[in-house]
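Enquirer: The opening residue of the sequence shown carries number 0 in numbering that gives the first Met the number 0; numbering runs sequentially from there.
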Amino acid sequence: MIQYFEWNLPADGNLWKKLKNDARHLHEIGVTSVWIPPACKATGPNDPGYGIYDLYDLGEFDQKGAVRTKYGTKKELIAAIEELHKYQISVYLDAVMNHKAGADYTEKFKVREVDPNNRSKPISDVYEIEGWTGFNFPGRNNTYSDFKWHWYHFSGTDFNNANGKKAIYQIMGDGKSWSDGVDSENGNYDYLMFADIDFDHPQVVEEVIKWGAWVSKELNLNGMRLDAIKHINDQFIERFLSGVREVMEQEFYAVGEYWKQDINSLNAYLKDVKYKVDLFDVPLHYNMYQASKQGRSYDMSKLFDGTLVSQHADLAVTFVDNHDSQWGSSLQSQVEDWFKPLAYGLILLMEQGYPCVFYGDYYGVGGKESMHRGVIDTLLQARTNYAFGEQRDYFDHPNTVGLVRTGDEFHPNSGVALLLSNGEDGDKVMNVGETHKGEVWHEITGSMTDVVTIDDQGNGTFKVHGGKVAVWVKKTD
Ligand code: CA
0 MIQYFEWNLP ADGNLWKKLK NDARHLHEIG VTSVWIPPAC KATGPNDPGY
50 GIYDLYDLGE FDQKGAVRTK YGTKKELIAA IEELHKYQIS VYLDAVMNHK
100 AGADYTEKFK VREVDPNNRS KPISDVYEIE GWTGFNFPGR NNTYSDFKWH
150 WYHFSGTDFN NANGKKAIYQ IMGDGKSWSD GVDSENGNYD YLMFADIDFD
200 HPQVVEEVIK WGAWVSKELN LNGMRLDAIK HINDQFIERF LSGVREVMEQ
250 EFYAVGEYWK QDINSLNAYL KDVKYKVDLF DVPLHYNMYQ ASKQGRSYDM
300 SKLFDGTLVS QHADLAVTFV DNHDSQWGSS LQSQVEDWFK PLAYGLILLM
350 EQGYPCVFYG DYYGVGGKES MHRGVIDTLL QARTNYAFGE QRDYFDHPNT
400 VGLVRTGDEF HPNSGVALLL SNGEDGDKVM NVGETHKGEV WHEITGSMTD
450 VVTIDDQGNG TFKVHGGKVA VWVKKTD
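1. Specify, as a first and last residue, the run of the beta strand (DSSP E) that A22 falls within.
2. Measuring straight from C-alpha to C-alpha, what distance separates A477 and K19?
3. Just reading off the alpha helix (DSSP H) that I453 is part of, what are its end residues?
4. Output the distance between the C-alpha atoms of K270 and M349, rounded to the nearest integer angstrom.
5. Taking 5 Å as the limit, tell me which residues put their C-beta closer than that to any heavy atom of ligand 1, in chain order.
6. Where DSSP assigns a beta bridge to W471, which residues make up the other side?
7. State the Cα-Cα distance for the pair S486 and G163, rounded to the nearest angstrom.
8. Taking the alpha-carbon of N297 as reference, which of Y49, L57, F153 and N398 has the nearest alpha-carbon?
9. Relative to the alpha-carbon of D53, which residue among N141, D476 and M171 has its alpha-carbon at the smallest distance?
10. Compute the distance between the beta-carbons of H98 and L191, then report whether it is under 9 Å.
11. Please work out which residues of its chain come closer than 7 Å, Cβ to Cβ, to D227, disregarding the five sequence neighbours upstream and downstream, and give them in chain order.
12. Straight-line CA distance for L25 to G373?
13. Output the distance between the C-alpha atoms of V376 and V30, rounded to the nearest integer angstrom.
14. Among G48, P44, Y49 and N421, whose alpha-carbon lies nearest the alpha-carbon of G64?
15. Could you check whether F318 and C355 sit closer than 9 Å to each other, using their CB atoms as the reference points?
16. To the nearest angstrom, how far is it from the Cα of P282 to the Cα of V308?
17. Between V204, L57 and W177, which lies nearest to W15 when the distance is taken from Cα to Cα?
18. What are the uninterrupted segments assigned as beta strand (DSSP E) that are 3 or more residues long and contained completely in the stretch 349-377, given in chain order?
19. Ends of the alpha helix (DSSP H) at E184?
20. Check for me: the beta strand (DSSP E) holding K73 runs from which residue to which?
21. If I measure Cβ to Cβ from L419 and keep anything under 6 Å in the same chain, skipping five residues before and after, which residues do I get?
22. Kindly indicate which residue of I170, A166 and F251 has the alpha-carbon position closest to the one of S89.
23. For D197 and K339, what's the separation of their Cα atoms in angstroms?
24. Measuring CA to CA, which of G406, Q380, T383 and L379 is closest to Q390?
25. Pull up the CB-CB distance for S291 and W337, whole angstroms please, since I reckon it's below 8 Å.
26. Using CA atoms only, rank isn't needed, just tell me which of V214, N160, L417 and N117 is closest to Y188.
27. If we ignore side chains and look at the alpha-carbon of each, how far apart do P36 and Q2 end up?
28. Quick one: is V246 near chain D, going by C-beta distance under 9 Å?
29. Per the DSSP calculation, I170 is bridged to which residue(s)?
30. Assign K425 to one of three DSSP states: helix, strand, or coil.
31. If I'm right that S154 touches Q169 with Cβ under 8 Å, what's the distance once you round it to whole angstroms?
32. Give me the residue from Y86, N266 and V415 with the minimum Cα distance to G432.
33. For G344, I'd like the list of residues in its chain whose CB is within less than 7 Å of its CB, leaving aside the five on either flank, ordered along the chain.
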């Protein structure tokens with residue numbers, strides 16, 4: 000999978016066109032699915048899409064300052080998706096369902112302020128505020144849906160227009176409360192930002208599931224990346240996916256963003272949604288971030304401790320960085336440059352997990368070319384050609400660790416040995432299988448020119464330079 004955007008893309012409306020032109024290249028480097036950014040109309044044409052205004056405006060109506068979104072028009076988006084499908088590349092839409100922003104008008108309703116660090120704790124009496132919760136989408140004029148949003152479709156907001164006061168306002172009303180089935184951080188983490196959608200309201204549940212089915216059909220999607228699910232009632236997510244999967248003829252993939260380092264929270268969530276959604280392996284990201292910060296003092300044998308991929312390999316989307324972890328973003332925890340080739344080596348060559356390459360790491364950030372593209376290309380090529388067969392792990396040393404894939408009969412010359420070092424130059428005897436005896440292997444990232452001959456038992460003594468990745472495969476003429 001590739002995440003086809005980063006936070007600082009120019010707001011020129013050209014991403015869908017670029018993606019269309021890039022489809023063949025993505026296919027050639029071995030990409031089989033693309034996570035596209037939020038395509039719905041947000042607060043303005045510069046908004047990356049998470050300040051979502053109208054679920055039904057995919058860059059089609061003159062709303063919020065333009066017809067197009069930051070990334071282009073609906074027509075251009077559909078053309079990009081059609082082109083990707085020509086190359087059998089799946090498309091996953093980033094679905095932002097937790098909140099809405101940029102309301103059309105204010106409404107008056109009753110609230111109470113809650114403690115930002117404990118949203119279960121009221122810190123004011125109930126009183127009336129004037130909040131931005133009225134959405135009637137005049138520019139769309141009821142096309143696709145005539146649903147109008149009002150204050151009672153939301154559970155909270157953060158601005159009182161009557162006096163300009165910012166706070167976390169819990170909206171009061173019959174049967175209204177923060178949602179169950181959300182993360183327990185800050186008492187109850189239902190509220191994240193803007194006007195928080197109330198997924199306990201039956202009209203909301205019906206409307207958003209209806210949208211999910213509509214957008215999946217309209218864009219011919221293969222799946223979704225579900226934004227901010229730790230702030231959304233987990234039972235709604237389960238119903239939403241069931242609802243969308245019911246109307247889609249083909250398999251419909253889903254991966255959720257549950258941004259938490261604690262593996263127990265991820266495991267509990269997966270259980271609650273009956274394992275119907277994959278999750279990004281946030282603990283692995285933080286382990287790699289730590290490793291990249293600590294350098295040689297990090298114990299590399301513990302790199303997979305407490306990670307999702309080590310416990311639920313089939314449900315883990317492994318990634319190095321994303322638009323939120325990159326420098327200057329809200330969850331800034333960017334893996335240091337020296338470690339990125341090591342990190343990509345692991346996620347791309349190991350058998351477990353569904354690896355996701357970040358646009359910023361491949362194409363670069365803010366228009367500046369990435370220094371990692373070359374090595375990612377090599378690793379993708381290694382994944383496509385060599386990373387098959389049984390995996391043998393060698394996470395047996397604090398500084399030099401590795402794994403091998405023994406290759407299989409279906410892929411000629413397959414088999415690969417991966418070695419990482421966060422300390423000195425290192426070497427390790429690893430067994431690639433007896434079927435490889437007598438073969439001469441070489442290193443393909445260009446870090447060394449030595450060769451290794453595999454002995455009769457299938458062992459090779461593979462080398463790696465300090466602070467580098469080494470990828471060894473059979474040398475062919
Ligand atoms: Ca919420």
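All C-beta atoms in this analysis are idealised placements derived from N, C-alpha and C, irrespective of residue type, glycine included.
Expert: Judging by the given coordinates:
1. In the sequence shown, residue 22 corresponds to position 23, counting from 1. From DSSP, A22 is part of no beta strand (DSSP E) but of the alpha helix (DSSP H) over L14 to E27.
2. Residue 477 cannot be examined here, being either before or after the span of the chain that is shown, 0 to 476.
3. What you label residue 453 is simply residue 454 of the sequence shown in a count that begins at 1. Neither: I453 is in no alpha helix (DSSP H) and is coded neither H nor E.
4. Indexing the sequence shown from 1 puts residue 270 at position 271. Indexing the sequence shown from 1 puts residue 349 at position 350. Cα to Cα, the separation comes out at about 25 Å.
5. N97, D189, D195 and H230
6. Here the question's residue 471 lines up with position 472 in the sequence shown. According to DSSP, which records beta bridges pairwise, W471 is partnered with A416 and E442.
7. Residue 486 is absent from the model: the chain starts at 0 and stops at 476.
8. Sequence index remark: in the sequence shown, residue 297 carries index 298 (1-based). The displayed chain sequence assigns Tyr, not Asn, to residue 297. Residue N398 is the option with its Cα nearest to Y297.
9. As a working mapping, residue 53 is identified with position 54 in the sequence shown. Of the candidates N141, D476 and M171, the residue whose Cα lies closest to the Cα of D53 is N141.
10. Looking up residue 98 in the sequence shown gives position 99. Looking up residue 191 in the sequence shown gives position 192. Contact: yes.
11. Residue mapping note: residue 227 aligns to position 228 of the sequence shown, counting from 1. The amino acid at residue 227 is misidentified as Asp; the sequence shows Ala. The answer, listed in chain order, is N97, L191 and E256.
12. Within the sequence shown, numbered from 1, the residue matching residue 25 stands at position 26. Within the sequence shown, numbered from 1, the residue matching residue 373 stands at position 374. Answer to the nearest angstrom: the Cα atoms are 14 Å apart.
13. Counting from 1 along the sequence shown, the entry for residue 376 is found at position 377. Counting from 1 along the sequence shown, the entry for residue 30 is found at position 31. Looking at the sequence shown, residue 376 is not Val but Asp. Distance between the alpha carbons of D376 and V30: 11 Å.
14. Taking the first residue of the sequence shown as 1, we reach residue 64 at position 65. If we check each option's Cα against that of G64, P44 comes out closest.
15. Taking the first residue of the sequence shown as 1, we reach residue 355 at position 356. Taking the first residue of the sequence shown as 1, we reach residue 318 at position 319. In this structure, F318 lies closer than 9 Å to C355 by Cβ.
16. What you label residue 282 is simply residue 283 of the sequence shown in a count that begins at 1. What you label residue 308 is simply residue 309 of the sequence shown in a count that begins at 1. If you take the alpha carbons of P282 and V308, they lie about 9 Å apart.
17. Position 16 of the sequence shown, counted from the start, is the residue given in the question as residue 15. For W15, the nearest C-alpha among the options comes from L57.
18. 353-357
19. Within the sequence shown, residue 184 is the residue found at index 185, counting from 1. Per DSSP, E184 is not a residue of any alpha helix (DSSP H), being assigned neither H nor E.
20. Position 74 of the sequence shown holds residue 73. Careful: K73 lies outside any beta strand (DSSP E), inside the alpha helix (DSSP H) at K73 to K85.
21. Start at 1 with the first residue of the sequence shown, and residue 419 comes out as number 420. Only L341, V400 and V468 meet the Cβ criterion.
22. On the sequence shown, residue 89 is found 90 positions in, with the first residue counted as 1. Ranking I170, A166 and F251 by Cα distance to S89 puts F251 first.
23. Counting from 1 along the sequence shown, the entry for residue 197 is found at position 198. Counting from 1 along the sequence shown, the entry for residue 339 is found at position 340. Taking the straight line from one Cα to the other gives about 40 Å.
24. The sequence position of residue 390 within the sequence shown is 391, counting from 1. Comparing Cα positions, the closest option is G406.
25. Locating residue 291 in the sequence shown gives position 292, counting from the first residue. Locating residue 337 in the sequence shown gives position 338, counting from the first residue. So it is a contact: roughly 7 Å between Cβ atoms.
26. Here residue 188 refers to the residue found at position 189 of the sequence shown. Out of V214, N160, L417 and N117, the CA that lies nearest to the CA of Y188 is found in N117.
27. Taking the first residue of the sequence shown as position 1, residue 36 is located at position 37. Taking the first residue of the sequence shown as position 1, residue 2 is located at position 3. Straight-line Cα distance between these residues: approximately 8 Å.
28. Among the protein chains of the structure shown there is no chain D, as only one such chain exists.
29. Here residue 170 refers to the residue found at position 171 of the sequence shown. Answer is V110.
30. For the purposes of this step, residue 425 is taken as residue 426 along the sequence shown, with counting starting at 1. In the sequence as presented, Lys is not what sits at residue 425; that position holds Gly. Residue state, collapsed to three classes: strand.
31. Start at 1 with the first residue of the sequence shown, and residue 154 comes out as number 155. Start at 1 with the first residue of the sequence shown, and residue 169 comes out as number 170. About 7 Å separates the two Cβ atoms, so the contact holds.
32. Sequence index remark: in the sequence shown, residue 432 carries index 433 (1-based). Here the closest residue by C-alpha is V415.
33. The residue labelled residue 344 in the question sits at position 345 within the sequence shown. Cβ neighbours of G344 beyond the five flanking positions: L378, L417, L419, V468 and V470.
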